Amino acid sequence: MAVRLDGQVVLVTGAGRGLGRAYALDLAKHGAKVVVNDFGGSVSGEGHDDTPAQQVVNEIKAAGGEAIADGGDVGSYEDCYKMIKLAVDTWGRLDAVVANAGILRDVTIHNMSEQDWDAVIRVHLKQCYNLAHHAWPIFRQQSYGRFVMATSTSGLIGNFGQANYGAAKAGMYGLMNVLKLEGEKYNINVNLIAPAAQTRMTANLMGRDPNDPERAVVMAPEHVAPAVTYLCSPQCEESGICIAASGGRYSRIAIVANKGVTYDPHEFKDADWFAANWSKITDLSDAYVPWSFRETREEHYAAKKAAQG
């Protein structure tokens, strides 16, 4: 089945450069009408420039697609409302949102200012609340929506000096777990992309020469874009999935649970008992991916398939 988004409208934030630009171009290539949002600031969030967003719009139009630029601030509740309203006012609908915009203020926790913490949380995690809150009524009304958030292994696994960024990115996993439940009844799928690519934000993080032409090819943002296009498409029928994507590799990252060690709750155990059972309590050989407190992911989708006949 071909992946197509003909007639659909997608909002992509941070789409003026790097990964967001690659997403916007690929979505347009697959038939989507794209709201290209970009505040146009520096990597650390200073400044404002409408040029990057408009340049991507020009590229999409030159290729025969439809797009419109938006220079709103994703950390602003009001600006996120305006960019979603722009999509609806322009094309009469909104089908998918890619919450991709981000900034970096990397510093170790003992040197991190409150401003550095708040700014990164605002742009990354509050962005997702802002966009979901404003998009949800539209998605519910049309009984369809795709919501994709750009997380990072910096939060899901960890990266030195990125406590603010990692906390925001890991927070998206928790948000996805709740929104997948709230959205399922209305055919709203919520998924994560954890990309790795050579962009201006990662130029100094890869540990290699940012001007290396080979690196620019193998870590190009265009390697990540197909995953995002699929997650935004009607062909994607699963929710609550985190996909890691980079040049040469796609994989899945998941929070899992195990069966653990059970005991009679009428008997109280002490720390010595806990320590003695540590290896069994932490053993992941029987791990599974939960869907909710009541079901595993496998049980949930099996029941859903059976109900659909």
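Here the sequence shown is numbered in UniProt numbering, starting from 1 and rising by one per residue. Glycine included, C-beta positions come from ideal geometry on N, C-alpha and C. Quick caveat, the model's predicted, so the values are computed rather than measured.
Check                                                                                                                    : Outcome
HIS300, buried or exposed, once every other Cβ within 10 Å from all chains shown has been counted against 16             : buried
Minimum C-alpha distance to LEU27 - residue among GLU66, LYS169, GLN115, ASP89                                           : GLU66
Sub-7 Å separation of VAL148 and LEU231 beta-carbons                                                                     : yes
Proximity below 7 Å, CB of residue 326 to CB of SER239                                                                   : Outside the shown range of the chain, which is 1 to 309, sits residue 326, and nothing can be said about it.
Option in ASN277, ALA276, VAL256 with minimal Cα separation from PRO290                                                  : VAL256
Residue from ASP73, ALA24, SER113, GLU78 whose Cα sits closest to the Cα of LYS61                                        : ALA24
Same chain only: Cβ atoms within 8 Å of PRO265, ignoring 5 sequence neighbours per side                                  : none
C-alpha gap between ALA163 and ALA271, whole angstroms                                                                   : 31 Å
Three-state class that DSSP yields for TYR144 in the structure shown                                                     : coil
C-alpha distance - LYS85 paired with PHE39, whole-angstrom precision                                                     : 17 Å
Per DSSP, the bridge partner or partners of LEU11                                                                        : VAL35, VAL97
Near the ligand GDP: GLY72 beta-carbon under 6 Å from a heavy atom                                                       : Absent from the structure shown: the ligand GDP. Ligands present: none.
For SER152, the nearest candidate out of GLY145, GLY171, PHE139 (CA to CA)                                               : GLY171
7 Å Cβ shell around ARG64 - same chain, five flanking residues per side excluded                                         : Inspection of the sequence shows that residue 64 is occupied by Gly rather than by Arg. Result list for GLY64: empty, nothing under 7 Å.
Spatially closest choice to VAL3 from GLN235, ASN159, THR108, by CA coordinates                                          : GLN235
Spatial distance of ALA22 from ALA196 (CA atoms)                                                                         : 13 Å
Local Cβ density within 10 Å of GLY145, reported as buried at 16 or more and exposed below that                          : buried
8 Å contact criterion, which MET176 and ASN187 should meet: CB distance rounded                                          : Not quite, the Cβ-Cβ distance comes to about 16 Å (not below 8 Å), so this is no contact.
Validate contact between the stretch 95-107 and the stretch 48-57 using beta carbons, cut 8 Å, 3 pairs                   : no
Three-way DSSP call (helix, strand, coil) for PRO137 in this model                                                       : helix
Element boundaries [alpha helix (DSSP H), containing CYS236]                                                             : Element bounds for CYS236: n/a, residue is neither H nor E.
Nonlocal neighbours in the same chain, by C-beta distance under 7 Å from residue 311, ignoring five residues either side : The chain is shown from 1 up to 309; residue 311 falls before or after that span and cannot be answered.
Sequence-distant residues of its chain with Cβ nearer than 8 Å to GLY72 (five each side left out)                        : ASN37, PHE39, ASP79, CYS80, LYS82, MET83
Sequence-distant residues of the same chain with beta carbon closer than 8 Å to SER76, five excluded per side            : ASN130
Alpha helix (DSSP H) segments (min. 4 residues) lying fully within the stretch 223-287                                   : 225-232, 271-276, 278-281
Where the beta strand (DSSP E) containing PRO195 begins and where it ends                                                : 188-196
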